[in-house]
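To start, the structure under review is shown below, and the notes come after it.
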Amino acid sequence: MRSNVAEYSLTQPITLTEALQTLASDPTLTPLAGGTELMVALSAGRLPQKNLLSINHLRELRFITTTPTDITIGSGTTFTDIRYSEAIAADFPLLTQAASWTGSIANQNRGTIGGNIVNGSPAADSPPALLAYDATLTLISATGQRTMPYGDFHLSYKKTALAPGELLYSISIPRSFAGYVSYARKVGTRNAQAISKVALACLALMNEGPSSGPARTIKDIRIGAASLRETPTRCTAAEQALLNQPITPVTIAAARAALATEARPIDDIRSTAKYRAAVAANLLEQFLHSL
Ligand SMILES: Cc1cc2nc3c(=O)[nH]c(=O)nc-3n(C[C@H](O)[C@H](O)[C@H](O)COP(=O)(O)OP(=O)(O)OC[C@H]3O[C@@H](n4cnc5c(N)ncnc54)[C@H](O)[C@@H]3O)c2cc1C
């Protein structure tokens, strides 16, 4: 049943400072960015939070800035902004890829990276890339700001480290992945408008040495995954099984086995846990063959 919109209120501050002060005076307000999660819930009669704080129009949250060492993306940056950012494409192709396969063009025009992160879905598209790239979040409130590794942000299913009165301000990624091979694949029911059944975003740096043969080993490896646990996750057991190893059938089998020990996929209407675990191992193997 649809919600009765008369039961809802929307506060629309003019500036970020005003938004933070409003949130400080009433931390129960729910931030509304692009609304592509919240408005779906509203339409379906499943939005218990009645008082919304619009941050959608705040220019201070919508930016992409580049320094020699980092790129920083405002939480209100849309997937369209990200998809067509040359700076992001040059250094962070996994993020460009994730933006391009999020929902539809309409979703990408309205949906923000901040909403994607804070919503906390284990199936969301940008988190695996952000985990692989070691992103750092900046959280902001009326009393100041703090940073934290993105890997610490998701506490459990849809629970995050965001404190009452805080907004996600920005996401920073170090520009330290030159020379890495990247691999991203999302498996869903179709190519557009489908939430992933499982997705991997991977990076690997190979040791210098002969261009082929067993002497080439993996110097660094990062595997971000969607829908493999109750939160977006790094597959650290599989990473450990691969570090400093050559790509051989034995290594690939060990990596698949390690992934099986850490995969605790969700079982839901989109797919079964068994299917998700099997497909994730196949994607990992596909990535390793690409190396
Ligand atoms: C048809 C359809 C298809 C979709 N397909 C995909 C898909 O393929 N992949 C995918 O990942 N997602 C998909 N989504 C989900 C959605 O589009 C994304 O998660 C999007 O990034 C949400 O961003 P938003 O700005 O619209 O969030 P909103 O709906 O505005 O907010 C989502 C949550 O985040 C909180 N929030 C937002 N910004 C902040 C902030 N700065 N600080 C603190 N809290 C904040 C809100 O309070 C709310 O709890 C789809 C949605 C629809 C309707």
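Position 284 of the sequence shown, counting from 1, maps to 337 under this note's numbering, and the rest follow consecutively. Glycine residues also receive a C-beta, built at the ideal position from the N, C-alpha and C atoms.
Spatial neighbours of I300 in its own chain (CB-CB distance under 6 Å, excluding positions within 5 residues in sequence) are listed in chain order as L341, L344. Ligand 1 has no heavy atom closer than 7 Å to the beta-carbon of G197. At least one heavy atom of ligand 1 falls within 7 Å of the beta-carbon of R163. In the three-state reduction of the DSSP assignment, A214 falls in the coil class.
Comparing alpha carbon positions, the residue from S62, S56, R112 closest to T70 is R112. If only complete runs of 4 or more residues are kept, the region 238-274 shows no alpha helix (DSSP H) anywhere.
Of the heavy atoms belonging to ligand 1, none sits nearer than 7 Å to the Cβ of T191.
Taking the C-beta atoms as reference points, G168 is found no nearer than 8 Å to G277. By the beta-carbon neighbour count (other beta carbons within 10 angstroms, threshold 16), L208 is exposed. In this model, T314 and H110 are separated by some 44 Å (Cα to Cα).
Its Cα nearest to that of Y233, the residue I271 stands out among P175, I271, L91, A294. As the crow flies, the alpha-carbon of P302 is around 36 Å from that of I170.
L105 places its beta carbon less than 8 Å from that of L85.
As computed with DSSP, Q102 is found in no beta bridge at all. As the crow flies, the alpha-carbon of V251 is around 11 Å from that of A316. Pairing T118 with T125 gives a Cβ-Cβ distance under 8 Å. Three or more pairs of CB atoms, one per stretch, sit closer than 8 Å, so the region 145-154 contacts the region 178-197. When the five nearest sequence neighbours on each side are left out, the beta carbons in the same chain lying within less than 6 Å of the beta carbon of A247 are those of G241, in order along the chain. Between the alpha carbons of A195 and I135 lies a gap of roughly 28 Å.
Take Q198, set aside five residues on each side of it, and the residues of its chain with a beta-carbon closer than 8 Å to its own are T191, L192, Y222, in chain order.
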